[in-house]
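See structure below.
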Amino acid sequence: MTMHPSLKNAAKIEIQRNVLKRFERVDKLKEEGRWKEGDRGFGLPKTKPE
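In this note's numbering, the protein residues as written are 5 to 54.
Given below as structure tokens:
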């Protein structure tokens, strides 16, 4: 069975996500120096994706 033409280029496309997962937000906060060890993972401040 052949692959549909619209799916061939799907692997090459990188989509910019506008929502980060919790661990990605924590990593970003650590880079910015806004996260300390022992801080809770709930109620995190907003972060903008790159």
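The C-beta atom is built at its ideal place from N, Cα and C for all residues, glycine as well.
| Check | Outcome |
| --- | --- |
| Heavy atom of the ligand FMN within 7 Å of ILE19 beta-carbon | The ligand FMN is not part of the structure shown, which contains no ligands of any sort. |
| Boundaries of the alpha helix (DSSP H) in which VAL23 is found, first to last residue | Run containing VAL23: none; DSSP gives neither H nor E here. |
| Nearest-angstrom Cα separation, counted from GLY37 out to PRO53 | 16 Å |
| Coil, strand or helix - ARG29 by DSSP | helix |
| Of the listed residues THR6, ASP43 and MET7, nearest to PHE27 (C-alpha basis) | ASP43 |
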